[in-house]
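Report on the following structure.
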Amino acid sequence: MTYDQHRHMTAEHLDMPVSSQRNVSHAIPISEYQLIQNLIDSLPHAMWVNTQNNVEYFNRAMTDYLGVNLNENDSRSWQSFIHPDDLQLFLMQWHDALELYQNVEIQCRIKQPNDDYRMCLLSMKFHNEADAILQWAVSLTDVHDYFEIQQQLSHVVSTQKNMLDASVDCIKIVTPTGELSHMNRSGCEALGVDSETGFGMPWLKLLPPEVRKSGQRALKRAAQGLNARFGGKSKLDNQPIQYWDNLLTPILDENNVTQNILCVSRNVSQQKLAETRLKIVTEQDELTGLYNRRTFYKLFKRALFKAKQQQTEVGLLLIDLDYFKHINDTMGHIAGDHLLHVLGERFQQVFGKNTIVARLGGDEFVILVKNLENEAQLFEVARRACEQMDTPINYTGKTINGGMSIGCAIYPRDGLSSSNLLKCADIALNDLKNSGRGGIRMFNQDMFKTLDDMTKQLTLARKIIKAGQILPYYQPKVRLSDGAVIGFEALLRWQDHHYQIQLPSHIFCAFQDYELASRISETMQLKVFEDMTRWQAQGLDIMPISINAAPVEFLRDDYAEKLLERLARFDIPANKVELEITEQSLSERGANYVVRALNLLKDAGIHISLDDFGTGHSSLTRLQEYPVDCIKIDRNFVERLNTDPSALAIVKAITQIGSSISLDVLVEGIENTDQLKTLINCDCKIGQGFYFYRPMASHSAQQLLNTLPC
């Protein structure tokens with residue numbers, strides 16, 4: 001019989017009843033068949049064999065296990081012992097094994113004598129040797145207890161897996177070398193990994209390149225048996241970036257060697273979003289969207305440190321908006337905020353990555369230029385900043401007028417630290433303001449002397465005010481035709497610790513500071529009014545006295561009210577006081593404050609004089625529109641009167657203008673007879689100068705009043 005015939009007969013015998021198979025046993029000698037029976041009956045395992053002559057035999061262990069001797073029982077097929085739910089799959093596997101003549105193990109439930117089923121493993125082995133007695137043999141192993149344990153374990157594992165899959169955290173088991181061993185559903189979804197085929201791959205390669213380095217460090221630490229942590233992120237197509245907090249815990253064996261690493265990754269995207277928002281709040285200026293002061297100083301120091309390493313230059317621009325307070329006071333703080341907001345947006349749009357723009361507070365901005373090439377580049381950046389105020393900014397239908405002053409400094413040329421460089425830019429800015437607002441000023445070392453002088457003057461002014469050393473001196477005004485005294489100008493003087501009288505030029509910078517200028521002005525007014533009250537009490541006929549006001553005194557828009565209140569306190573008639581202002585007061589932004597104050601004072605009866613007329617801001621329009629009663633010709637023209645034809649022409653023109661619009665004209669600085677004659681010929685009526693009287697103390701002015709005719 002051939003090999004194929006054996007296979008065919010075996011396949012046919014699969015469905016033959018046992019009684020029919022018994023008839024085939026006569027094909028082999030009884031002694032040999034008995035030998036086979038004795039051999040397999042002596043085995044402890046339940047077995048079922050088929051000889052090369054297709055003789056089948058179930059051994060004693062099989063009979064004992066099934067409770068039925070299938071070798072004698074012709075009424076029942078062995079197939080009936082297989083659980084009906086397992087039979088179809090069993091037969092398919094059995095057929096395949098016979099067709100392919102291939103060893104196979106089949107797990108199925110086998111019926112017991114008590115009609116219960118137990119899980120068994122049927123192992124079928126073919127014998128291909130030509131002289132083999134058996135064609136195949138099937139052994140039965142009861143694996144029910146093991147199966148139940150496996151089922152329980154499977155249930156536990158399934159429960160644990162379900163628990164892990166229910167977690168929103170990404171839970172991973174990673175080998176010490178970084179390969180994925182297991183990952184729950186959240187982890188698979190976050191990293192886009194197939195839960196069936198995605199394991200075994202390097203975990204870090206699933207992460208974005210920018211976080212792999214920190215992940216590798218954490219993995220190395222965990223492999224060494226130490227806990228580790230790092231921040232990561234993931235990005236799947238058409239989904240926002242997810243941020244994760246990764247905690248790595250080593251799983252150690254009894255020898256404290258890392259076998260696996262448990263990685264729990266928690267989604268902190270919402271926390272990251274909150275931190276980002278908080279960072280924006282803490283780092284950015286809410287009104288303009290620019291960096292705030294604290295953030296700028298941090299970036300400033302970092303930029304200087306990098307510039308020092310790379311030996312590059314850094315440019316610094318300190319920006320101050322001119323007359324910003326006037327905008328707040330006249331149009332409201334909302335208008336001022338609108339100006340700052342629009343300007344912040346424009347700065348963000350016009351300047352690139354190489355610049356850092358911040359708002360230091362109030363109306364102060366700062367621009368840092370990294371990798372500066374030269375001073376010209378910094379000046380160009382400053383010019384572009386100034387241009388942002390050229391385009392009109394409108395609020396509630398009104399245009400907000402403004403300008404800016406910019407102080408510039410360069411690292412390392414001007415300063416080696418952030419504080420020194422900022423100080424240099426501030427010095428340049430103040431130097432610009434002191435010489436007239438608006439424009440760009442580059443720092444130079446000479447400014448230190450100017451700053452030092454200014455600081456000394458301000459310190460001296462505070463000392464003089466505190467010590468009560470301010471004194472009013474009085475210079476008479478005279479009628480040029482006969483030299484008769486018609487009034488006084490109160491001039492500031494102060495007495496030093498040696499009782500020497502000093503001029504106000506020593507504290508000139510104080511008149512550009514509102515607080516100091518206002519305190520000096522108040523002191524002067526009170527002392528002048530005290531003198532006038534005393535003279536009046538002595539029966540003297542007091543004459544009008546002029547007092548000077550610096551432009552900065554009008555910044556709070558309450559100058560007129562304060563002056564009128566002091567006059568009322570001393571009960572001095574308003575027509576006995578004149579106010580002298582400079583043309584600068586009317587030309588600067590915020591001049592509307594000055595005009596409002598002048599109108600109030602003029603309505604109260606106070607005369608207004610415009611000092612230093614013709615020195616650079618003269619305007620006929622100003623004379624017509626503003627409440628001015630008198631214009632004063634500056635001493636500079638008088639000094640050149642007889643040597644410079646242009647100076648003479650200017651004096652004549654001013655005199656004619658004053659006469660034509662009914663304004664008094666007073667000439668300052670008359671020192672000799674020639675000047676007096678020329679001025680009389682120019683039809684000048686009133687003057688003052690050393691030719692007539694020098695400024696005098698209060699008691700001298702009182703003596704002069706005593707000598708004047710009533």
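Just so you know, we're using the UniProt record's numbering here: the sequence shown kicks off at 1 and counts up by one. Positions of the beta carbon are idealized from the N, C-alpha and C atoms, including for glycine. Bear in mind the structure is a predicted one, so any value in this text is a computation, not a measurement.
CB-CB under 6 angstroms to residue i, same chain, minus the five flanking residues each way: which ones, in chain order?
i, result
"I106", "F90, Q93 and L122"
"A358", "L290, Y291, F296 and V366"
"N23", "At N23 the pLDDT is 39, less than 50, meaning the model places this residue with poor confidence; the figure from the coordinates comes in the next sentence. Once the five neighbours on either side are set aside, N23 has no close Cβ partner at all."
"P695", "Y473, Q475 and L491"
"T141", "L121"
"K301", "S418"
"D664", "C630"
"I486", "K477 and R479"
"W203", "V174, G178 and L180"
"L206", "L191"
"I406", "L317, I319, A382 and I440"
"L641", "A647, L648, Q675 and T678"
"N548", "E580"
"D285", "N292 and R359"
Throw me the rounded Cβ distance for the residue i and residue j pair, which I believe falls under 8 angstroms.
i, j, result
"L299", "A425", "Not a contact, Cβ separation roughly 16 angstroms."
"N260", "I251", "4 angstroms"
"I670", "Y693", "Not a contact, Cβ separation roughly 10 angstroms."
"P476", "Q688", "7 angstroms"
"A517", "E553", "5 angstroms"
"W244", "R266", "7 angstroms"
"N246", "R221", "Incorrect: roughly 12 angstroms between the Cβ atoms, too far for contact."
"A597", "Y626", "At roughly 11 angstroms, the Cβ-Cβ gap does not stay under 8 angstroms, so A597 and Y626 are not in contact."
"S662", "K632", "So it is not a contact: roughly 16 angstroms between Cβ atoms."
Report yes if the C-beta distance between residue i and residue j is below 8 angstroms; otherwise report no.
i, j, result
"C682", "K652", "yes"
"F508", "Q457", "yes"
"D644", "E668", "no"
"A428", "R437", "no"
"R566", "Q536", "no"
"M543", "F613", "no"
"L555", "Y499", "no"
"S139", "L191", "no"
"M47", "A137", "yes"
"A467", "F443", "no"
"K370", "A461", "no"
"S698", "D541", "no"
Is any beta-carbon of chain C found at less than 8 angstroms from that of residue i?
i, result
"L598", "Within the model displayed, chain C is absent; a lone protein chain is all it includes."
Tell me, please, which residues DSSP counts as bridged to residue i.
i, result
"P504", "P504 pairs with nothing; no bridge assigned."
"residue 754", "Because the chain in this structure spans residues 1 to 710, residue 754 falls outside the shown range and cannot be described."
"C424", "Answer by DSSP bridge pairing: none, since C424 is not bridged."
"H333", "According to DSSP, which records beta bridges pairwise, H333 is partnered with nothing at all."
"D294", "A quick correction: the sequence has Arg, not Asp, at residue 294. None, per the DSSP bridge assignment."
"K172", "M183 and C263"
"L491", "Y473"
"M696", "Y474"
"L318", "V366 and G407"
"Y395", "K398"
"V49", "Y57 and A137"
"S546", "E489 and E578"
Residues in its own chain within less than 7 angstroms of residue i by CB, not counting five upstream and five downstream?
i, result
"M389", "G402, G403 and M404"
"P709", "none"
"Q703", "none"
"H338", "Y395"
"A484", "V478"
"S75", "Any reading at S75 is ruled out, since the residue's pLDDT is 40, under 50, leaving its predicted position unreliable."
"I327", "A335, G336, L339, I400 and G402"
"K433", "S405"
Can you find the residues in the same chain that come closer than 8 angstroms, C-beta to C-beta, to residue i, ignoring five residues on each side of it along the sequence?
i, result
"H26", "The predicted position of H26 is uncertain, since its pLDDT is 42 and thus under 50; a value taken from the coordinates is nonetheless stated next. Closer than 8 angstroms at the Cβ level, and outside the excluded window around H26, lies no residue."
"L676", "L480, I670, G687 and Y691"
"L451", "I427, N430 and D431"
"P551", "I581, T582, Q584, S585, E588 and V594"
"L564", "A574, L600, L601 and A604"
"D86", "C108 and R109"
Would the beta-carbon of residue i be found less than 7 angstroms away from any heavy atom of the ligand NAP?
i, result
"D513", "By its list of ligands, the structure shown contains no ligand whatsoever, and the ligand NAP lies outside what it can speak to."
Inside the region 192–253 only - beta strand (DSSP E) runs reaching at least 3 residues:
As for any beta strand (DSSP E) of minimum length 3 sitting wholly inside the region 192–253, the runs are 228–234 and 242–252, ordered along the chain.
To test your reading of the DSSP string, which unbroken beta strand (DSSP E) runs of 3 or more residues are found completely within the region 72–153?
Those beta strand (DSSP E) runs which fall completely within the region 72–153 and span 3+ residues are 104–111, 117–126 and 134–142.
Completely contained beta strand (DSSP E) runs for the region 409–461, where each covers 3 or more residues:
Uninterrupted beta strand (DSSP E) stretches at least 3 residues long and entirely within the region 409–461 occur at 439–442, given in chain order.
Let me know the beta strand (DSSP E) ranges lying completely inside the region 551–575, each 3 residues or longer, listed in chain order.
None, since the region 551–575 contains no complete beta strand (DSSP E) of that length.
Kindly provide the ranges of any alpha helix (DSSP H) runs that are 4 or more residues long and lie completely inside the region 615–677, ordered along the chain.
DSSP runs (the alpha helix (DSSP H)) wholly in the region 615–677: 620–625, 635–639 and 645–660.
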